[in-house]
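A.B. asks:
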Amino acid sequence: MQWGIVFGAVLAYMSWAFFVARKARRLDIVDAAWGGAFIVAATVSLLIGPKGWLQFVTTGLVVLWGLRLSLHILSRLRRTKEDRRYVEMRRRWKGNEALNAYVRIFLVQAVLAMAISVAVVAVNFSAAVHIPVWIVAGIAVWVAGFLFEAIGDRQLKKHLLDPENKGKLMTSGLWRYTRHPNYFGEAVQWWGIYFIALGADCAWWTIISPLIITNLLLFVTGIPLTERYFEDKPGWKSYKRRTSAFFPLPPRK
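Count the sequence shown with the numbering used here and you get residues 31 to 283, in order.
#1: Please state whether the Cβ-Cβ distance between residue 79 and residue 155 is less than 8 Å.
#2: Can you tell me which of 138, 170, 227 puts its alpha carbon nearest to the alpha carbon of residue 160?
#3: Determine the direct distance from the alpha carbon of residue 241 to that of residue 108, and round the result to whole angstroms.
#4: Under 8 Å: do the segment 44–63 and the segment 134–151 share three or more Cβ pairs, one atom per stretch?
#5: Could you name each continuous alpha helix (DSSP H) segment of 4 residues or more that falls completely within the segment 47–118, going from the start of the chain to the end?
#6: CB-CB under 7 Å to residue 110, same chain, minus the five flanking residues each way: which ones, in chain order?
#7: Could you give the distance in angstroms between the alpha-carbon of residue 278 and the alpha-carbon of residue 245?
#8: From the DSSP output, in three-state form, read off residue 257 for me.
#9: In or out: residue 255 buried (at least 16 other Cβ within 10 Å) or exposed?
#10: Can you tell me where the alpha helix (DSSP H) with residue 177 in it begins and where it stops?
#11: Quick one: is residue 38 buried, meaning 16 or more other Cβ sit within 10 Å of its Cβ, or exposed?
#12: Whole angstroms are fine: how far does the CA of residue 257 sit from the CA of residue 250?
#13: May I ask which residues mark the beginning and end of the alpha helix (DSSP H) holding residue 267?
#14: May I ask you to report which of helix, strand or coil DSSP gives residue 45?
#15: Any contact between the segment 161–178 and the segment 211–229? By contact I mean 3 or more CB pairs, one from each, below 8 Å.
#16: For residue 60 versus residue 51, is the C-beta distance shorter than 8 Å?
#17: Hey, could you find the ends of the alpha helix (DSSP H) residue 238 is sitting in?
#18: Evaluate contact between the segment 162–171 and the segment 197–211, counting only Cβ atoms and requiring at least three cross-stretch pairs below 8 Å.
Structure, rendered in structure tokens:
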């Protein structure tokens, strides 16, 4: 029953995001709404579950991540046109556009957000059994991932806003060691939440949270879709050869 309430809240939130996107005539609104779905899952489960310091801390971490991500993407949406990925999707669809958009994008993302949120929801519904070493390790891992993602995003934003960098790839800072520091940092944060869940004596299957987000970033909506756009960009092939796709590593010669 409690899990159903949380999913219902996430679904209602993403349905609201769908209507906002329809009104704005931009399907990429869903990218900004993505972080908010996790905030909803975390806060609703906190409100209806047993409350302790660990529940407040874990929820706070997820809210901080989701809020920063949503604000970062909203900032990008204000200065760009609709993401080309969604324009191409609409061209391929058959049948009612609104129904396709709701089912294929917003409903799917509601389900994915709920699945990834399993670890934080499990913590918020857990009994007061704690293993401090896992909790401390989880918080430390989360902080490292948060800083990595936030710094990577900030470096890229600064690069893109500089007129002198027009048409140039971002290859310095954290981007010198991985082609996607933001994706790496995001995945690391969810591994941190999973470690916290272990410390809260949650079931082992909460590992689906970091596994799903890591696989999405590596093989589905993250790296593959992003890099498809850069295939014909000057300097991309050499940058790709010398720079790790995901894990930060020294550049190859």
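Built from N, CA and C at the ideal position, the CB exists for glycine as well.
C.D. replies: Straight from the coordinates:
#1: For this step, residue 79 is matched to residue 49 along the sequence shown. For this step, residue 155 is matched to residue 125 along the sequence shown. Contact: yes.
#2: As a working note, residue 160 is residue 130 in the sequence shown. With distances taken between Cα atoms, residue 160 lies closest to 227.
#3: Within the sequence shown, numbered from 1, the residue matching residue 108 stands at position 78. Within the sequence shown, numbered from 1, the residue matching residue 241 stands at position 211. If I take the Cα positions, the gap works out to 32 Å.
#4: Yes, the segment 44–63 is in contact with the segment 134–151.
#5: 59–78, 83–108
#6: By 1-based counting over the sequence shown, the position of residue 110 is 80. Counting only Cβ-Cβ distances below 7 Å, and skipping sequence neighbours, we find nothing.
#7: Start at 1 with the first residue of the sequence shown, and residue 278 comes out as number 248. Start at 1 with the first residue of the sequence shown, and residue 245 comes out as number 215. Going by the C-alpha atoms only, they are around 17 Å apart.
#8: Residue numbering aside, residue 257 sits at position 227 when the sequence shown is read from its first letter. Three-state result, residue 257: helix.
#9: Here residue 255 refers to the residue found at position 225 of the sequence shown. Exposed.
#10: For the purposes of this step, residue 177 is taken as residue 147 along the sequence shown, with counting starting at 1. Note, residue 177: alpha helix (DSSP H), 162–191.
#11: Taking the first residue of the sequence shown as position 1, residue 38 is located at position 8. By the 10 Å Cβ count, residue 38 comes out exposed.
#12: For this step, residue 250 is matched to residue 220 along the sequence shown. For this step, residue 257 is matched to residue 227 along the sequence shown. Approximately 11 Å between the Cα atoms of the pair.
#13: Translated into positions along the sequence shown, residue 267 becomes position 237. 266–272 is the span of the alpha helix (DSSP H), which, as asked, contains residue 267.
#14: The sequence position of residue 45 within the sequence shown is 15, counting from 1. In the structure shown, residue 45 sits in a helix (DSSP, three-state: H, G or I).
#15: yes
#16: Translated into the one-based positions of the sequence shown, residue 60 becomes position 30. Translated into the one-based positions of the sequence shown, residue 51 becomes position 21. Yes, they are a contact pair.
#17: Translated into positions along the sequence shown, residue 238 becomes position 208. Taken as a continuous stretch (DSSP letters only), the alpha helix (DSSP H) holding residue 238 covers 238–245.
#18: no
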